[in-house]
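Last residue of the sequence shown: 328 in this note's numbering, with the numbers rising by one and none dropped.
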Amino acid sequence: MLRATHFPPIASPTLLVLRKCFIPILSISSFASYPLHKLSSFSAFHSFFSPSRPSLPSLSLTQSSPMLGHPHLRLSASFNSESSYGDNREILVQHLLLKEDDQKLLLELQQRIAGGEDLSDLAVEYSICPSKQEGGMLGWVRKGQMVPEFEEAAFCAPLNKVVKCKTNFGWHLLQVLSEREESLLKDIQPEEFHAKMQDPSFIEEAQLIDVREPEEVSQASLPGFQVLPLRQFGSWGPEITSKFDPTKDTYVLCHHGMRSLQVAKWLQTQGFRKIFNISGGIHAYATKVDPSVPTY
Numbered sequence: 033m034l035r036a037t038h039f040p041p042i043a044s045p046t047l048l049v050l051r052k053c054f055i056p057i058l059s060i061s062s063f064a065s066y067p068l069h070k071l072s073s074f075s076a077f078h079s080f081f082s083p084s085r086p087s088l089p090s091l092s093l094t095q096s097s098p099m100l101g102h103p104h105l106r107l108s109a110s111f112n113s114e115s116s117y118g119d120n121r122e123i124l125v126q127h128l129l130l131k132e133d134d135q136k137l138l139l140e141l142q143q144r145i146a147g148g149e150d151l152s153d154l155a156v157e158y159s160i161c162p163s164k165q166e167g168g169m170l171g172w173v174r175k176g177q178m179v180p181e182f183e184e185a186a187f188c189a190p191l192n193k194v195v196k197c198k199t200n201f202g203w204h205l206l207q208v209l210s211e212r213e214e215s216l217l218k219d220i221q222p223e224e225f226h227a228k229m230q231d232p233s234f235i236e237e238a239q240l241i242d243v244r245e246p247e248e249v250s251q252a253s254l255p256g257f258q259v260l261p262l263r264q265f266g267s268w269g270p271e272i273t274s275k276f277d278p279t280k281d282t283y284v285l286c287h288h289g290m291r292s293l294q295v296a297k298w299l300q301t302q303g304f305r306k307i308f309n310i311s312g313g314i315h316a317y318a319t320k321v322d323p324s325v326p327t328y
């Protein structure tokens with residue numbers, strides 16, 4: 033049975049990256065002091081990244097009660113075995129991982145699941161994946177992010193049916209809980225963003241987020257942006273879906289476009305459907321569009 037406690041928490045991703053090695057995990061408490069130049073990407077779930085695609089170190093955001101429910105999670109899919117999204121979809125996955133030689137235990141757990149026991153409960157007890165702390169929840173994933181064996185099994189699995197697959201990491205029992213249309217994340221050039229800003233309704237309808245620090249904003253700013261300093265992520269991150277509407281177009285700004293891209297990627301994992309990273313940041317906006325905006 034699918035329970036509220038099985039949904040991924042707002043800032044509590046699974047802790048496993050199935051690549052060549054495990055990637056270091058940072059907590060919210062350590063985030064504020066972590067050097068920004070070392071933050072290469074966010075991940076709301078550490079999943080089975082495809083080894084054919086280069087992946088930089090990921091930041092995993094944890095909280096003290098990782099099994100807390102996610103009150104703002106929007107499950108948009110109907111629960112049936114036919115996908116209405118084709119290949120353009122994301123799936124919500126939980127799993128249990130066993131060692132390759134644990135065949136006896138694998139069979140036993142399959143029988144217990146067939147008898148009505150919940151995969152997430154068994155994951156907490158038996159899984160060797162650190163995601164066991166969250167009931168095996170891997171969060172929302174899309175094609176191209178996982179190793180081929182896991183991806184094929186997950187994207188072919190009927191909703192809510194537990195299936196097994198084998199990867200280099202061992203045997204997996206996995207379950208797809210829901211699906212949705214894949215979200216959009218793209219860069220927007222300063223010139224295009226400036227053109228949108230000329231429409232008075234744009235600032236009212238769009239969500240504008242500036243992730244620079246207060247001292248930077250005091251030197252140069254654009255109208256309509258809400259300032260959410262990246263170094264203060266611990267204070268605003270857990271409340272992001274109550275402060276902003278994930279269904280609205282969201283634009284993210286920083287100094288040169290790197291920190292904003294990190295946050296844009298994280299917003300995508302939190303269910304935001306259309307996120308735009310302002311390419312080159314406020315510096316590019318000032319030099320290419322509006323020289324009245326100070327540079328620093």
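The beta carbon of each residue, even a glycine, is placed where N, CA and C say it ideally should be. Note that the structure is predicted; figures quoted are calculated from it, not measured.
For the set GLN294, LEU254, PRO255, THR282, the Cα lying nearest the Cα of ARG263 is the one of GLN294. Of the candidates LEU139, LEU206, ALA155, the residue whose Cα lies closest to the Cα of LEU124 is LEU206.
Taken atom to atom, the span from the alpha-carbon of ALA238 to that of LEU154 is near 43 Å.
With contacts defined by Cβ atoms closer than 8 Å, ARG291 and VAL243 form a contacting pair.
Going by DSSP, PHE234 is part of the alpha helix (DSSP H) stretching over 232 to 237. Listed in chain order, the non-local C-beta contacts of VAL156 below 7 Å within the same chain comprise LYS164, GLY167, local neighbours out to five positions each way being set aside.
For TYR283, the uninterrupted beta strand (DSSP E) segment begins and ends at 281 to 285. Closest option to PRO180, judged by alpha-carbon separation, among VAL194, ALA296, GLY171, ASN200: ASN200.
With a 10 Å radius around the Cβ and a threshold of 16 neighbouring Cβ atoms, GLN302 comes out buried.
Annotation: the continuous alpha helix (DSSP H) that includes GLY266 extends over 265 to 268. Distance between ILE235 and GLY256, taken at the CA atoms: about 6 Å.
Secondary structure at PHE225: helix, using DSSP grouped into helix, strand and coil. Taking 8 Å as the upper bound for CB-CB distance, VAL194 and ILE272 are not in contact here, some 31 Å apart. For THR319, no beta strand (DSSP E) run applies; the uninterrupted alpha helix (DSSP H) run containing it begins and ends at 313 to 320, by DSSP. Closest by C-alpha distance to SER210, out of LYS131, TYR158, LEU170, GLY148, is LEU170. The beta carbon of LYS218 is closer than 7 Å to those of PHE308 in its chain, skipping five residues each way along the sequence. An exposed status is given to THR327, since fewer than 16 other beta-carbon atoms sit within 10 Å of its beta-carbon. With 16 or more other Cβ atoms inside 10 Å of its own Cβ, LEU285 counts as buried. If you draw a 10 Å sphere on the C-beta of GLN177, you find 16 or more other C-beta atoms in it, and that means buried. When the five nearest sequence neighbours on each side are left out, the beta carbons in the same chain lying within less than 6 Å of the beta carbon of TRP268 are those of LEU260, in order along the chain. Excluding residues up to 5 positions away in sequence, ILE310 lie with their Cβ nearer than 6 Å to the Cβ of PHE225 in the same chain. The beta carbons of TYR283 and LEU216 sit no closer together than 8 Å. Distance from the Cα of GLU149 is smallest, within the candidate group ALA185, ARG121, ASN192, LYS136, for ASN192.
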